[in-house]
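What follows is a short report on a single structure.
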Amino acid sequence: MARLAQEFIARGADLELVGIRKEFPGFTAIENLDLHIPAGEFFALLGPSGCGKTTTLRLVAGLDEPTKGKILIGGKDVTSTKPHERPVNTVFQSYALFPHMSVLENVAFGLKQRKIEDPMAKAIAALELVELGHLAQRRPQQLSGGQQQRVALARALVNRPSLLLLDEPLGALDLKLRRQMQIELKAIQMEVGLTFLHVTHDQEEAMDMADTVAVMNKGRIEQMGSPEKLYDRPHTVFVSKFLGQSNLFVGEVVESNPSSISINVSGNKITVPTDRAEKHTGTIAVGVRPEKANFHETEPTAQSGVNLIGPGEIIDIRFTGVSNQYLIEIPGIGEVTVFAQNIGKSPVTELGAKVWVSWKVEHSFGLNDLPANSATESISVI
Amino acid sequence: MAFAAFGHGGGSGAASTAAPTKKSKVALFLLLPGLIYLGLFFLTPLISLIVTSLEVPDGSGAMGSYAYGFAIENYGKVVTEFWPQISHSFGYALIATIAALLISYPLAYFIGVKARRFPLIQGLMLTLVIAPFFISFLLRTFAWKQIFSNDSAAVTFLQQIHILGPHDYLVGTPFMVIFGLTYNFIPFMTLPLYSILERLDVRLLEAGADLYATPATTFRKITLPLTAPGIISGTLLTFIPIAGDYVNASGDFLGGTKTAMIGNVVESRFLVLNDYPTASALSVLLMGVILLLVAFYAKRSGTEDLL
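Which chain is which? The protein sequence lines are A and B, in order. Mind the numbering: the first sequence is residues 1 to 382 in this note's numbering, read in order. Mind the numbering: the second sequence is residues 1001 to 1307 in this note's numbering, read in order.
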C-alpha cells in the first residue's frame, strides 16, 4: 500500500460555504449555512433524512445551484462554475457506475476527460488500491454491492480531487461490511490526505470516522465539533438525542452559584456545573447519558457532587450483549434509562425492583432549548 | 494491507440455475394457433410469390397469362429496368429515417427525461405524438398535398422569397416525398426512443459531469450508448416500412413520375399491367435486401437478439 499511497499525493483543499441558502419550489432546504472545512480533514455532515445534508453536498459538487451564498474551494469562488469544472469528485449513494463500461473504463473515465497521461495504468493502480485489480474487465452489474462501492470510491479517488464528497456511500451495505468499509475509508483518507466531506445519517459512522462532525437539522447546523465534544456536551435537545441517547430532565433553576446551578424536578434536585450549561436561569433541560448513570437497590446516602433521584421501579430490562439496558419509572420524573456494562456481575435485579438512580454532577449537561413536549422524558434513538 | 480483509470476496458470478428444460406438450399446444396462422397466411403466400416471380409468359399473348418456369433472369431484368426506383426506395428510406431520428430524439428526450417531474405534460405530449394515428394515414398525406399544392399560399410564399423559382413547385419532388415519409413515420421513431429515455438513470449523467465530462461528452459517452437499443429499434421500425412504402411517393399523393419507389412499381405492375412475375420479383428483392440490411445493421450494433 505504501507504494500506491505515494502515487496519490495529498492535495486536499479547504472548503468554505458562506451564507448558503437553497430554496426549492415549496420549501427551503438550507436556511443559512456557514461552514469551513480545513484542508485534509475528514468532515461529517450528520442529520436525519430531509435535513439538507445531501442538498449541501450537491451544491458543493455543482449539481444544484444555491439560491444565495458563495462556495469556495481552496479559496477560489466556484459558485457559478459547472460540475465538470470543479476539482471535486463524488462517491454517489447509488454509486452511479456506468453500466455500459467495464470497471476499468469506469475508473479511467475522469482521467480521460481531463486528458491525463496514461489513464489506464493509473486506473489499474487505483483499482489495486481498493483490492479490485482482478475484476477490472468485469461489468459493474457483475460485482457485489461492496465491490461496486469500492469501484465508485476508486473512480473518485483516482482523479486526486481537492475535495472528495461521500453521499452515504455505505448505506446499502450490510452491517459487517459497512464496519469494514468504514475502517478502510478512514485508512485511505489518512493515507492520501484528501479533504473528505461525508454525508450520513448514521451517528456511529460519523463519530467513528470524522475529525469534525456537524449535526444538521431542518436546513441548519445545530452544533459542530469533534465527536467527543458533541457527545459529551450536546447543546440542544436534537443533538443530545441524535448523537447517542440521553435522559433529559426539565425544571426551574432554584440554586445558582459560580461553579454550579441546580434545578428542581418534582422535588428532586439535579445539579449541573455552570460551565456545562447553556442556559443559567428560568426553566432549563438537564441531561445525562444512560451509561454515566447507576442505580442502587438501597437508598445511598446523599453526597455532594452526585445527583440522586428516586426511588423508582424497573419496568423493562434489555440484554444487548455488551450491556444491560434498564428502563426505570420514577414518579414525578418519568422514565430514565440506565446502561450497566456486562462485566459478568451485573446487579441482581428483576422487573419491579425499587431502585435509586445516581450520577456524578460533572456528567450532567445543560441544554439551551427544551424538549418538544416540555415534560421530562427519556429519549432514545435506536 | 488495508483491503486484504475482503480482497477475495469476488465470487460474484451469479450462478443462474438452469430453468427446467422439460418441453411439455402444453407449450406446443400453445404455439399451435400461431404456427397454423403463420403457415397459412405468411408462408403460403411467400412461396406463391417466389414461384410467381420465376414465371414466364405462356405464349398466348393475353394480358396476365403466365406459365410456370424458372426464369431467374426475371431478377436481373427488374434490377436493370427499375434501378432508379430501387435506389429511390433505399435512398429516401435512409434520408427519412435519419431525419426522423434527428427530430424524434430531442423530442423523446424532452418527454422522457426533462418532463419526468411533470407527468401531466408527459402524458399530454405522448398523446400528441400518437394523435395523428386518429386520422387516416391517407387523409393526412392528402392534407399535406393540399397544403403544398402548386397554387397554395405556402408555395407562393416560398416563390416570393426566392427559395423556389417562379416555376418550381413542391409536389412531385423528392423533397416532398421524403418530407411525407419522415412526417408519417415520426411516431414509430419517437415511441421506442421515449420508452428507453424514460428509463434513463439521470444520476449517471450527474456522475459524468462530476467526472469532468462536458454536457456534450456526457451525451456522447453515456446517454447515447445507453439509449442505443431505442435508436436501433426506432430506426428499424421506420426504415423497413418506409422502404416498402408506396403512398407518399405515388402521383396521387406527394410524389410524381420521377419519385416512384419500388412500391409504386409493384402496385402498377400488379394492378394495372398484370405483370405478375415482375411485380413478384421486385417484392422478393425488396424483402431480401431489407432482410440483409437489417441483419448487417443489427449485427454491427451488437443486438443480434433483435432478429
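Don't be surprised by glycine CBs; every beta carbon is placed ideally from N, CA and C.
Practice task
Report yes or no: do three or more beta-carbon pairs, one from the region 31 to 40 of chain A and one from the region 177 to 197 of chain A, lie closer than 8 Å?
Solution key: yes
Exercise for the section: Would you decide whether Arg-3 (chain A) is buried or exposed? Buried here means 16 or more other CB atoms lie within 10 Å of its CB. Expected result: Any answer about Arg-3 (chain A) is weak, because its pLDDT of 37 lies below 50 and its placement is not dependable; what the coordinates show is given next. With fewer than 16 other Cβ atoms within 10 Å, it is exposed.
Problem - Where Phe-339 (chain A) meets chain B, residues with beta-carbon distance less than 8 Å - result: Neighbours of Phe-339 (chain A) on chain B: none; closest Cβ ~30 Å, over 8 Å.
Exercise for the section: Please confirm if Ser-378 (chain A) has its CB atom under 8 Å from at least one CB of chain B. Expected result: Reliability fails at Ser-378 (chain A), whose pLDDT of 45 lies under 50, so the model's placement of it is uncertain and the value that follows must be treated cautiously. Output row for Ser-378 (chain A): interface = no.
Practice task
Take Ala-1108 (chain B) and list the residues in its own chain whose beta-carbon comes closer than 7 Å to its own, dropping the five residues that flank it on each side.
Solution key: Thr-1190, Leu-1193, Tyr-1194 and Leu-1197
Problem - Residues in the region 61 to 72 of chain A having any Cβ partner in chain B nearer than 7 Å - result: So the close ones are Ala-61 and Leu-63.
Exercise for the section: Ignore the nearest five residues each way along the sequence and tell me which others in Asp-1058 (chain B)'s own chain have a CB closer than 8 Å to its CB. Expected result: Ser-1065, Tyr-1066 and Ala-1067
Exercise for the section: Taking C-beta pairs closer than 7 Å, name the residues in chain A that Arg-1220 (chain B) reaches, listed in chain order. Expected result: In chain order: nothing, as chain A lies at least about 11 Å away.
Exercise for the section: Find out if the Cβ-Cβ distance for the pair Ser-226 (chain A), Thr-236 (chain A) is shorter than 8 Å. Expected result: no
Problem - Extent of the continuous alpha helix (DSSP H) to which Met-207 (chain A) belongs - result: 203 to 209
Problem - Beta-carbon neighbours of Arg-179 (chain A), restricted to chain B and to distances below 8 Å - result: The contacting residues do not exist; Arg-179 (chain A) stays about 10 Å from chain B at best.
Exercise for the section: May I have the straight-line CA-CA distance separating Pro-119 (chain A) from Ile-1111 (chain B), to the nearest angstrom? Expected result: Distance between the alpha carbons of Pro-119 (chain A) and Ile-1111 (chain B): 37 Å.
Problem - Residues that Arg-114 (chain A) contacts on chain B, provided the C-beta gap is smaller than 8 Å - result: Tyr-1212
Practice task
Report the partner residues of His-198 (chain A) according to the DSSP bridge assignment.
Solution key: A:Ala-44 and A:Leu-166
Problem - Inside the region 46 to 106 of chain A only - beta strand (DSSP E) runs reaching at least 3 residues - result: 68 to 73 and 88 to 91
Handout entry: Met-190 (chain A), buried or exposed, once every other Cβ within 10 Å from all chains shown has been counted against 16
Key = exposed
Problem - Rounded straight-line distance, which links the Cα of Gly-334 (chain A) to that of Leu-327 (chain A) - result: 10 Å
Handout entry: Three or more C-beta pairs below 8 Å linking the region 72 to 79 of chain A and the region 132 to 150 of chain A
Key = no
Exercise for the section: Kindly list the residues whose CB is nearer than 6 Å to the CB of Phe-1179 (chain B), restricted to its own chain and excluding five residues on each side of it in sequence; keep chain order. Expected result: Counting only Cβ-Cβ distances below 6 Å, and skipping sequence neighbours, we find nothing.
Problem - Proximity test, Cβ basis, 8 Å: Arg-1315 (chain B) and chain A - result: This structure leaves residue 1315 (chain B) out entirely; chain B is present only between 1001 and 1307.
Problem - Thr-1259 (chain B) to Ser-1089 (chain B) span [Cα, whole Å] - result: 9 Å
Exercise for the section: Please say whether Leu-97 (chain A) and Asp-167 (chain A) have beta carbons closer to each other than 8 Å? Expected result: Not a contact, by the Cβ cut-off of 8 Å.
Problem - Cα-Cα separation, Glu-252 (chain A) to Gly-69 (chain A) - result: 41 Å
Practice task
Could you give the DSSP three-state label for Leu-17 (chain A): helix, strand or coil?
Solution key: strand
Problem - chain A contacts from the region 1241 to 1270 of chain B (Cβ-Cβ distance under 8 Å) - result: none
Exercise for the section: Starting from the Cα of Pro-1138 (chain B), find the closest Cα among B:Ala-1062, B:Tyr-1183, B:Gly-1230 and B:Gln-1085 and give me that residue. Expected result: Pro is not the amino acid found at residue 1138 (chain B); the sequence shown has Leu there. The shortest C-alpha separation from Leu-1138 (chain B) is found at B:Tyr-1183.
Handout entry: Partners in chain A for Thr-1217 (chain B), counting only beta-carbon separations shorter than 7 Å
Key = Listed along chain A are Gln-113, each with a C-beta nearer than 7 Å to that of Thr-1217 (chain B).
Handout entry: Continuous alpha helix (DSSP H) stretch holding Lys-1258 (chain B): start and end
Key = Premise fails: Lys-1258 (chain B) is in no alpha helix (DSSP H) and is neither H nor E.
Practice task
Rank B:Ala-1153, B:Leu-1054 and B:Leu-1181 by C-alpha distance to the C-alpha of Ile-1095 (chain B) and give the top, closest one.
Solution key: B:Leu-1181
Practice task
Throw me the rounded Cβ distance for the Trp-359 (chain A) and Asn-268 (chain A) pair, which I believe falls under 8 Å.
Solution key: Rounded to whole angstroms, the Cβ separation of Trp-359 (chain A) and Asn-268 (chain A) is 12 Å, and the two are not in contact under 8 Å.
Exercise for the section: Report yes or no: do the region 82 to 99 of chain A and the region 1200 to 1208 of chain B share at least 3 C-beta pairs separated by less than 8 Å? Expected result: Contact between the region 82 to 99 of chain A and the region 1200 to 1208 of chain B is present: 3 or more CB-CB pairs across the two stretches fall below 8 Å.
Problem - Minimum C-alpha distance to Val-361 (chain A) - residue among A:Leu-351, A:Thr-298 and A:Thr-274 - result: A:Thr-274
Exercise for the section: Below 7 Å CB to CB, which residues in the same chain sit around Gln-148 (chain A) once its five sequence neighbours on both sides are set aside? Expected result: Tyr-95, Leu-97 and Pro-140
Exercise for the section: List the residues of chain B whose Cβ lies closer than 7 Å to the Cβ of Gly-332 (chain A), in chain order. Expected result: Per Cβ cutoff of 7 Å: no residues; Gly-332 (chain A) is ~52 Å from chain B at best.
Practice task
If I'm right that Glu-329 (chain A) touches Ile-317 (chain A) with Cβ under 8 Å, what's the distance once you round it to whole angstroms?
Solution key: Not confirmed; about 13 Å, so no contact.
Handout entry: Close-in-space but distant-in-sequence residues of the same chain around Ala-372 (chain A) (CB under 8 Å, 5 per side omitted)
Key = Val-237, listed in sequence order.
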